[in-house]
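Input: a single structure, listed below in structure tokens.
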Amino acid sequence: MKDKKQHCRKTSYKKVGFDLKLLIIDQIQNGQISVNHASEKYQVSRSSINYWLKKYSTLEQKKLGMSKKDEIKKLKERIEELEFVKDFQQDIIADMELITGVDMSKKSLPTTLAEEIEKKKQDRLKENG
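full-length UniProt numbering numbers the first residue of the sequence shown as 1 and each following residue consecutively.
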């Protein structure tokens, strides 16, 4: 009795336009869907999607004109800027609370921020004696 060779069932995939490719890449890179889910959802092979990720993700970066290193540097600078603004605002609130004698931060701000402001007030009181 001879075994007949069974042919592997080949999945048929449809052609995908450039805009849809970019949409799929964007969804994957933003963590909205996985490569496997995208493959099933859009009826595209995983190897094609991986190829597009390699090919077009660099195109997207070129379009934005920013490399990953530049983007990280820019984000770090933005974090420093926001930290400075936060410290400045906390200093103003601490000074205002010392002048008025009203603890506004405990009532209206999250606990961690209120604690930071309270520490700044204590530091100010130590400095001024």
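We put the beta carbon where it would ideally sit given N, CA and C, even for glycine.
This one's a predicted model, so the numbers in the text were calculated from it and none came from an experiment.
Can you tell me whether residue i is buried or exposed, with buried defined as 16 or more other CB within 10 angstroms of its CB?
i           : result
I92         : exposed
I28         : buried
S45         : exposed
I72         : exposed
E97         : buried
I117        : buried
L47         : With the sequence shown as reference, residue 47 is identified as Ser, and Leu is not the correct amino acid for it. Exposed is the call here.
residue 186 : For residue 186 there is no data in the structure shown, the boundaries of the chain being 1 and 129.
Taking the CB atoms as reference points, tell me whether residue i and residue j lie closer together than 8 angstroms.
i    : j    : result
K106 : A114 : yes
I79  : I49  : no
Q43  : K21  : no
First and last residue of the alpha helix (DSSP H) that includes residue i?
i    : result
D103 : D103 -> no alpha helix (DSSP H), and no H or E assigned at all.
N30  : Run containing N30: none; DSSP gives neither H nor E here.
S39  : 35-42
T15  : Before going further, note that residue 15 is Lys rather than Thr in the sequence given. Run containing K15: none; DSSP gives neither H nor E here.
Does the segment 47-55 come close enough to the segment 78-95 to have 3 or more Cβ pairs within less than 8 angstroms? They do not touch, by the three-pair rule.
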